[in-house]
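Engineer: Line by line, the protein sequences give chains H and Z.
Per the working numbering, the first sequence starts with residue 1, numbered consecutively.
Per the working numbering, the second sequence starts with residue 413, numbered consecutively.
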Amino acid sequence: MYDRAILHMDLDSFFVSVECLRNASLKGKPLLIGGSGDRGVVASCSYEARRFGIHSAMPMKMARRLCPDALILRGDMDAYSEYSRQVTELISGEAPCFEKASIDEFYLDLSGMDRYFGCYQWGVDLRKRLIREIGLPISMALSVNKTVSKIGTGEAKPNGSKEILKGTEKDFLAPLSTSKMPGIGEAMYKKLSFMGVRTLRVLSEIPPRLLEREFGKTGRVLWERANAFDPTPVQPYSEAKSISHEQTFSQDTLDLRRIRNILLSMVEKLGFDLRQSKKLCSVVTVKIRYADFNTYTRQLRIPYTANDRILLRHVYDLFDKLYERRQMIRLIGVKFSGLVHGHYQINLFDDTEEDMNLLNELDHIRKRWGPHAIGRAVNVDRKKEEDHQTQPSKTQTAVTDPRWAKMVRRWW
Amino acid sequence: MKFSVSSAELLKQIQLAGGAIGTNPVLPILEDFLFQVKGKILTIQSTDLETSVKTEMEVKSDQNGAVAIPAKILIDTLKSLPEQPVTFSVDTATNSIEITSSYGRYRLAGENPGEYPSFPSTVTQDTVKINSGILHDAFQKTLFATSSDELRLAMTGILVQLDFNKIIFVSTDAHKLVKYVFQGVSSDVATQFILPKKTCSLLNNILPPDTEIEISFSKSNAFFSFGHSLLACRLVDAKYPDYNGVIPVDNPNVLTVNRTQLLQSLRRIAIYANKTTNQVALQVDEGSLTITSQDLDFSNEATEQLACTFNGKPMSIAFNGKFLIEMLSVMSTDEISIRLSTPNRAGILTPAEEIKGQDLLMLIMPVLINQGH
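1) For residue 611(Z), which beta-bridge partners are listed by DSSP?
2) Could you tell me the boundaries of the beta strand (DSSP E) in which residue 579(Z) lies?
3) Reducing DSSP to helix, strand and coil, say where residue 775(Z) ends up.
4) Can you tell me whether residue 217(H) is helix, strand or coil according to DSSP?
5) With a 10 Å radius around its C-beta and 16 neighbouring C-beta atoms as the bar for buried, classify residue 116(H) as buried or exposed.
6) Whose CA, out of 646(Z), 647(Z), 597(Z) and 683(Z), lies closest to the CA of residue 624(Z)?
7) From 49(H), 136(H) and 189(H), pick the residue whose C-alpha is nearest to that of residue 63(H); which is it?
8) Does DSSP put residue 519(Z) in a helix, a strand or coil?
9) Taking 7 Å as the threshold (C-beta atoms), are residue 356(H) and residue 732(Z) in contact?
10) Can you pull out the residues from the segment 81 to 98 of chain H whose beta carbon lies closer than 9 Å to at least one beta carbon of chain Z?
11) Between which residues of its own chain and residue 523(Z) is the CB-CB distance below 7 Å, once the five residues before and five after are set aside?
12) Determine the DSSP secondary structure at residue 535(Z), reduced to helix, strand or coil.
13) Taking CB distances under 7 Å as the criterion, tell me whether residue 586(Z) reaches chain A.
14) How far does the alpha helix (DSSP H) with residue 156(H) in it reach, from first residue to last?
15) From the beta carbon of residue 688(Z), is the nearest beta carbon of chain H less than 7 Å away?
16) Around the Cβ of residue 271(H), are there at least 16 other Cβ atoms within 10 angstroms (buried) or fewer (exposed)?
17) Determine contact between the segment 238 to 249 of chain H and the segment 202 to 216 of chain H, defined as no fewer than three beta-carbon pairs at a distance below 8 Å.
18) Cα separation between residue 429(Z) and residue 672(Z)?
19) For residue 768(Z), write down the residues that DSSP places opposite it in a beta bridge.
20) Going along chain H, which residues have a C-beta under 8 Å from residue 653(Z)?
21) Please report the distance separating the alpha-carbon of residue 593(Z) from that of residue 748(Z).
22) Is it true that the CB of residue 200(H) sits closer than 7 Å to the CB of residue 174(H)?
23) Alpha carbon to alpha carbon, how far is residue 617(Z) from residue 484(Z)? Give it in angstroms, no decimals.
24) Consult DSSP for residue 389(H) and reduce its assignment to one of helix, strand or coil.
25) Is residue 560(Z) closer than 7 Å to residue 570(Z) when the C-beta atoms are compared?
26) Determine, for residue 777(Z), whether the minimum Cβ-Cβ distance to residues of chain H falls below 7 Å.
27) Under 8 Å, with one C-beta from each stretch per pair, do the segment 644 to 656 of chain Z and the segment 562 to 581 of chain Z reach the 3-pair mark?
28) Does chain Z have any CB closer than 7 Å to the CB of residue 342(H)?
29) How would you label residue 320(H), buried or exposed, when you count the other beta carbons within 10 angstroms and need 16 or more for buried?
30) Have a look at residue 3(H) and residue 172(H) and give me their C-alpha separation to the nearest angstrom.
31) Just by C-beta distance, which residues in the segment 515 to 531 of chain Z are closer than 8 Å to chain H?
32) Any beta-carbon of chain Z closer than 7 Å to the one on residue 346(H)?
33) Check each residue of the segment 656 to 681 of chain Z: if its Cβ is closer than 8 Å to any Cβ of chain H, include it; give the result in chain order.
34) Straight-line CA distance for residue 71(H) to residue 80(H)?
35) Chain Z beta carbons: is any one of them nearer than 7 Å to that of residue 356(H)?
36) Starting from the N-terminal side, write out each stretch of the alpha helix (DSSP H) that is 4 residues or longer and does not extend beyond the segment 478 to 519 of chain Z.
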């Protein structure tokens, strides 16, 4: 019997599975999804491709070297969102309490259901139903908290299920590599390995104060998790706290006019999203990554607004303040945060009625014909150029809505 | 220097002057009052470098002199004393002050009166007399609409325009605007100046009711004299935006509604609106006004319907509910009119029935809602 039962479900290589579902001829082939240029990264790859040593977030150039025959697709974010929505809908009809952790990941809180249904059996039935009705492979694991369940799902993949019974969590975690723990990335894994910590058993036996000294607060959290302790609740609904857009150039650039135009189109796009979701933002952030990968951000608090004109002015100001190294730029990004529900308060002196009507009309056209249907003329030529989207991580959902984070630019 | 005075009367005067003392002054001496005794007259001064107050009272004294006294200690002491004569003796060499009451003696350290900022020069160009009732009324109706955005300095104050027999008060923060006109003021000048917001709220507190106030002004300062007191303020040195150009004149859709009913309804509806944006939507139809709000974060929503008279095209328009509440609560008539044009253009609030000699106009900008096509 579980006191607390958390079920984790994860759609296996989600983007690839959706592509296979839409085009059966892709099945069984090494398939990569992501930017196709030299500087793109792999957003998702099929299990066949993984055999060549490819993994997601790997630069596309390297992936192509490892498997020259792999098929590369640009990805269709709208289709992925649609499938994700279908899965969410089905789960929400069944589960008493669930959290959508990212576009393809769910946590379900099944505490208290053991007596009547048997949590594991209930989960297996739900998984079967999902596979039958939607046709996408999905893996799941049931355990006492989020960390153990998520690691369990990783072990159950591909397309499997696993139950880690109460009392066996520590034994389950102990032999696993520290790299399987959510929150331990490449850099931390290296550092831990250097310290001689390769398995979660060793991690759980280290005095927590030592970890705290090395990694700060994260150290203590990791130690707790390695000991199968994780009280984080399943949060049924988390609203997007920010919306952002980034772009990596196909070649590092110093062309400030082009960069300004790109910032303009980002602001137009994000401003549209802001107004469509009936929100106002109060913090604007601009990010620059230079050719040497040094990344700088600068942010500014502003009165609540959703007006492109005001947002653009602040974005340009921030960019001018931030860009001081006179070095080639690799990536730029814009983020709007401090969001609140509401409509833009029209200004008596600065906004003319024509401006407001224009803003409304532009939004109307974008809503009807797509976000890129209309925009400033300076950006018309740029659409023909090749550009790529970097692939943000899948797990940062709490901070950023996955739809924005994984937004893949499409041609119009 | 030595003088004695009734504690209650002194308290009254220093409370009046205390309004000009800021909370975190740039110079330590600005936390003090300047006391000057000359003959039988005690002059009390206070300043925050922008607004200065000077007030006079009679005391028993046989020694002239001056000192700067820490304001907070003095006010607290006098507040805790029952009405009685108190004696101040100041050692002008060390600036140490000794207060004697019937209960005992209190010693505090004063500061050098020579370092106290001097009172602005009262050489002025023009003078106008106005009843304090008008000023009270005008400040009450305009203060709330001033801006606190230091980037647009002009809008942080109240614009006062003198136009021979008219006086016009205007305040705006670019989202709302109030214009209040009084006829029948006897003045032979046509000029305008911007009073800082802080001065206006101070005047609102200290002006005695129903008294003639003499306002005189130069290029940089304005002086308000009443009774034995004189208040000086530095005018806001900025260009006021052309407000007349942005007040629409052709708002054809006129809604007339009971002010108290609308105000009470908005107060209830606002509870259910988002706490940051306070936005409420108004649906105006013939004979009925529907007010709604929602807070998606907490799934709160509210709707109310009011009877009204409406001549024009039915429409939906959304406003910051807080602005509407502020406007309605400073108005005084039973019925008010709201003139609307389109959902993207300013709405105009006026009293439904005219008040003789007064002309009040309040403008509110809506929030941009996506129009369904």
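Even for Gly, the Cβ is constructed at its ideal location relative to N, Cα and C.
Small disclaimer: the values here were computed from a predicted structure and weren't measured.
Structural biologist: Let me spell this out:
1) As a working note, residue 611(Z) is residue 199 in the second sequence. Answer is none; residue 611(Z) lacks a bridge partner.
2) For the purposes of this step, residue 579(Z) is taken as the residue at position 167 of the second sequence. 578 to 584 is the span of the beta strand (DSSP E), which, as asked, contains residue 579(Z).
3) Looking up residue 775(Z) in the second sequence gives position 363. Here residue 775(Z) sits in strand by DSSP.
4) Position 217 of the first sequence, counted from the first residue, corresponds to residue 217(H). It is helical.
5) Numbered from 1 along the first sequence, position 116 holds the residue referred to as residue 116(H). It counts as exposed.
6) Reading the second sequence from its first residue, position 212 is the one you call residue 624(Z). Of the candidates 646(Z), 647(Z), 597(Z) and 683(Z), the one whose C-alpha sits nearest the C-alpha of residue 624(Z) is 597(Z).
7) Taking the first residue of the first sequence as position 1, residue 63(H) is located at position 63. With distances taken between Cα atoms, residue 63(H) lies closest to 49(H).
8) In the second sequence, the residue the question calls residue 519(Z) occupies position 107. In this structure, residue 519(Z) counts as strand in the three-state DSSP scheme.
9) Indexing the second sequence from 1 puts residue 732(Z) at position 320. Indexing the first sequence from 1 puts residue 356(H) at position 356. Not closer than 7 Å, so no.
10) none
11) One-based indexing of the second sequence puts residue 523(Z) at position 111. Taken in chain order, the residues that qualify are 441, 444, 480 and 507.
12) Counting from one through the second sequence, the residue named residue 535(Z) turns up at place 123. Coil at residue 535(Z), not helix or strand.
13) Note that chain A does not occur in the displayed structure, where the protein chains are H and Z.
14) Mapped onto the first sequence, residue 156(H) falls at position 156. Looking at the DSSP string, the run of the alpha helix (DSSP H) that includes residue 156(H) is 146 to 156.
15) Taking the second sequence and counting its residues from 1, one reaches residue 688(Z) at position 276. Closer than 7 Å: yes.
16) Walking along the first sequence from the start, residue 271(H) turns up at place 271. Per the 10 Å Cβ criterion, buried.
17) no
18) What you label residue 429(Z) is simply residue 17 of the second sequence in a count that begins at 1. What you label residue 672(Z) is simply residue 260 of the second sequence in a count that begins at 1. Distance between the alpha carbons of residue 429(Z) and residue 672(Z): 37 Å.
19) To locate residue 768(Z), count along the second sequence from 1; it is residue 356. According to DSSP, which records beta bridges pairwise, residue 768(Z) is partnered with nothing at all.
20) By one-based count along the second sequence, residue 653(Z) stands at place 241. The contacting residues are 349.
21) Residue numbering aside, residue 593(Z) sits at position 181 when the second sequence is read from its first letter. Residue numbering aside, residue 748(Z) sits at position 336 when the second sequence is read from its first letter. Roughly 17 Å separates the two Cα atoms.
22) What you label residue 174(H) is simply residue 174 of the first sequence in a count that begins at 1. What you label residue 200(H) is simply residue 200 of the first sequence in a count that begins at 1. Contact: yes.
23) Taking the second sequence and counting its residues from 1, the one referred to as residue 484(Z) is at position 72. Taking the second sequence and counting its residues from 1, the one referred to as residue 617(Z) is at position 205. Residue 484(Z) and residue 617(Z): Cα-Cα distance of roughly 19 Å.
24) Taking the first residue of the first sequence as 1, we reach residue 389(H) at position 389. Residue placement at residue 389(H) cannot be trusted, given a pLDDT of 43 that sits under 50; what the coordinates show is reported in the next sentence. Coil.
25) Here residue 570(Z) refers to the residue found at position 158 when the second sequence is read from its first residue. Here residue 560(Z) refers to the residue found at position 148 when the second sequence is read from its first residue. Not in contact: residue 570(Z) and residue 560(Z) (Cβ atoms no closer than 7 Å).
26) Stepping through the second sequence from its first residue, residue 777(Z) is reached at position 365. So yes, residue 777(Z) belongs to the interface.
27) yes
28) Position 342 of the first sequence, counting from 1, holds the residue named residue 342(H). So yes, residue 342(H) belongs to the interface.
29) By one-based count along the first sequence, residue 320(H) stands at place 320. The residue is exposed, with fewer than 16 neighbouring Cβ atoms inside 10 Å.
30) Start at 1 with the first residue of the first sequence, and residue 3(H) comes out as number 3. Start at 1 with the first residue of the first sequence, and residue 172(H) comes out as number 172. Spanning the two alpha carbons is a distance of roughly 18 Å.
31) none
32) Position 346 of the first sequence holds residue 346(H). With 7 Å as the cut-off, residue 346(H) counts as an interface residue toward chain Z.
33) 658
34) For this step, residue 71(H) is matched to residue 71 along the first sequence. For this step, residue 80(H) is matched to residue 80 along the first sequence. When rounded, the distance between both Cα atoms is 18 Å.
35) Position 356 of the first sequence, counted from the start, is the residue given in the question as residue 356(H). At least one chain Z Cβ lies under 7 Å of residue 356(H).
36) 483 to 491
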